[in-house]
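Residue numbers for the sequence shown follow the working numbering, beginning at -6 and rising by one. Just so you know, even glycine gets a beta-carbon here, dropped at the ideal spot from N, CA and C. Some notes on the structure that comes next.
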Amino acid sequence: MPQNNDLGNQYFQDLLSRSFFQKSSKDESRFVMHDLINDLAQVVAGDICSKLEGNKQQKFSNRTRHSSYVISRFDTMKKFEAFNQVKSLRTFLPLGLSGAHLTNVVLVDLLPRLGYLRVLSLSGYRITELPDIFENLKHLRYLNLSGTLIKCLPDSLCTLYHLETLLLKMCFKLQKLPSKMGNLVKLYYLDIRGANLIEKMPFGIDKLTNLQRLSDFIVGKGDGHHIKELKYLSNLKGDFRLSGLENVNGQDAGEAKLNEKQGIDRLVLHWSKKFEKDSRNKEDEEWVLDSLCPPKELEQLVIENYGGAKFSTWIADSSFENMLSLELRNYLFIGGLDEIHKIGVEFFGAYQSNAFTSLEALCFESMPNWEEWDPCEGDEQASKFPSLRELSIKECPHLLGRLPTHLQSLQKLVIYECRRLVVSISSFSSLCELSIEGCEELVDEGPSSAEAVTFLKCVSLQNISKFDISAEKALLRLANSENFNISHWKELKSLSQNGLSLVGHRFITIADCPQLVSLETEERLQLDKIPGVESLEIVDCERLNRLPEVLHAFTFLTRKNF
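Pasting the structure below:
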């Protein structure tokens, strides 16, 4: 038998399929209602649903059960006189503006009188303190305090035994959760994203066995054993972040039973950046990571600030067939230890010839000691990452050699500040977006025939020490892109000599190329050959004294500092 939340989602999806709701064009996570449907809904609802509009003087009927209004910069008591006759309001829902001020009279006088409230939102108001009002609001199911400036929550909040949703997102001044949170046994959703001053979860969180959405579980210093309370939260779903892992040992981590939480599809494992380097133990961190094997249904995995010297064997286990995205941030973050400098076959697990079969996105970031990526030997490499569409490597200054080849599905490649890396694009037959800023060398060793080349839609080449692509291949590979950006090339003297061209692109930027003296030849750069160009911007190319005559006829040209 489906739970109420699942049933409600089913009803919503049914209404969505019938165009009762539509996805917002501004925010895909939100939905809007067509004006005609909205008008119809208001007629059907009658006095049951009412909304305050602007500064109009209004009075709600005693039959009103659900109310909403658009927040003003300063919401004074006069605005809320409309609620004077309302006795049985169920929904109090302000919408829109954040950073607004709310008269304290609403908190200490109006809300305590609305004892039948089920839904209460004060999201976005600059409230610094909540009065102890929740003993009067026993029926609350939904409480949204996101974006407020509260530092602590009143103890009476823990008497809301029917509360199902508690949203504290971006409460960046909130210092802790109430000590008796375990009393909220019907809680279904707890969101504390952005409440970064919270240092640990309160004792008794294991009693919240109905929790399905928990944004973050924080293990406090000296409270490493509390991670075991996760064992009882078997219904967790969706996006889940596990923080404070520097305070945990491997044995306790295993007691969390992450692998049994089949509903989690995105998992973030986080060690603190502020963790003292001298007190870190790479073997302990490896043990913790080994013990936190996630459920097989996982689609996205993010590992942040991990200080171990090797990967866990489960990371590339072929049973993780649903994994679509893997991010390693600040891996080998600490210095002064004997970390490994090579990612080799252990990354794929023991005897795994078909690792990462579903992985679509892979990101390495801020790995200062990483020197070599050696995926595997010989033809076996062809079976690795068969579905990988996006590869991003950022701030890995010591990474040497070349990228893996045979990434046949790769569509987007981003390289940032990897100054010793040689980037070859010859084997990426599906590549359509290339962004490189700071690398040793860019090469293309593939065939020169037009049939074997996929045109790139977006090209950004910045701060490349050596451009080792023949003019013939460059004309084939780098022509006809939507966006074409070249900047910070110290040695670039001529576009045409390097096979680079203005022909075929829509938006072109050339910036900070101090040695550049020429663009195209007059013969190649004809009006009829560049009809699609919409923007050409040239900035800080001081030796570029003259432009081809044909360019002076274009209104899209922008020149700065040359």
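Just so you know, the alpha carbons of LYS289 and THR202 end up roughly 22 Å apart. Per DSSP, GLN455 is not a residue of any alpha helix (DSSP H); the beta strand (DSSP E) it occupies stretches across 451 to 461. Taking 3 residues as the minimum length, the beta strand (DSSP E) runs contained wholly in the segment 123 to 174 are 135 to 137 and 158 to 160, in order along the chain. The shortest C-alpha to C-alpha distance from ASN538 to any of LEU95, SER487 and GLN255 is the one to SER487. Using a 10 angstroms sphere on the CB of TYR118, the tally of other CB atoms reaches 16 or more, which defines it as buried. Residue burial annotation: SER494 is buried, with at least 16 other C-beta atoms found within 10 angstroms of its C-beta. Counting only residues of its own chain and dropping the five nearest sequence neighbours on each side, PHE13 has a CB closer than 8 Å to the CB of MET26 and ILE30. Here PRO287 is buried, its C-beta having at least 16 other C-beta atoms within 10 Å. Burial is judged here by how many other beta carbons sit within 10 angstroms of a residue's own beta carbon; GLU21 has fewer than 16 and is exposed. Three or more Cβ pairs closer than 8 Å define a contact, and the segment 238 to 249 meets that threshold against the segment 207 to 225.
For ASN(-2), the enclosing alpha helix (DSSP H) covers residues -3 to 10. Rounded to the nearest angstrom, the Cβ distance from SER54 to ASP40 is 4 Å, consistent with a contact under 8 Å.
Counting along the chain, no beta strand (DSSP E) covers VAL241, and no H or E run does either. Burial of LYS193 is indicated by the presence of at least 16 other C-beta atoms within 10 angstroms of its C-beta. Residue pairing by DSSP places PRO87 opposite TYR62 in a beta bridge. The continuous beta strand (DSSP E) containing LEU427 extends over residues 426 to 436. Note on geometry: alpha-carbon atoms of ARG413 and VAL407 lie some 15 Å from one another. Among the bridge pairs identified by DSSP, GLY231 is matched with ILE257.
Non-local C-beta neighbours of ILE457 in its own chain, meaning closer than 7 Å and more than five positions away in sequence, comprise ILE429, CYS432, LEU435 and TRP482, ordered along the chain.
Contact between the segment 152 to 163 and the segment 135 to 143 is established, with three or more Cβ pairs separated by less than 8 Å.
Secondary structure at ASN476: strand, using DSSP grouped into helix, strand and coil. In this chain, SER494 is not harboured by any alpha helix (DSSP H), its DSSP state being neither H nor E. With a threshold of 16 other beta carbon atoms within 10 Å, GLY1 falls short and is exposed. By the 16-neighbour rule on beta-carbons within 10 angstroms, GLU527 is exposed.
Between ASP258 and the set ARG206, ASP283, SER265 and LYS266, the nearest pair of CA atoms involves ARG206.
Residue LEU110 holds the alpha-carbon nearest to the alpha-carbon of ARG58 among LEU110, GLU279, ASN298 and ILE418. Beta-bridge annotation (DSSP): ARG206 is paired with TYR182.
The beta-carbon separation of SER351 and MET316, rounded to 6 Å, stays under the 8 Å limit for a contact.
Under the three-state reduction of DSSP, TRP366 is assigned to strand. The Cβ atoms of ILE336 and TRP307 do not sit closer than 9 Å to each other. Contact check for LEU235 against HIS218 fails: the beta carbons are separated by 9 Å or more. Close CB contacts of PRO147 within its chain, under the 6 Å cut and outside five residues either way in sequence, are with LEU123 and ASP125 (chain order). When the Cα atoms are used, SER208 and LEU183 turn out to be separated by approximately 7 Å. Assignment of SER417 by DSSP, reduced to helix, strand and coil, places it in the strand class. Beta-bridge annotation (DSSP): LYS405 is paired with GLU383 and GLU426. In the three-state scheme derived from DSSP, where H, G and I count as helix and E and B as strand, ILE211 is classed as strand.
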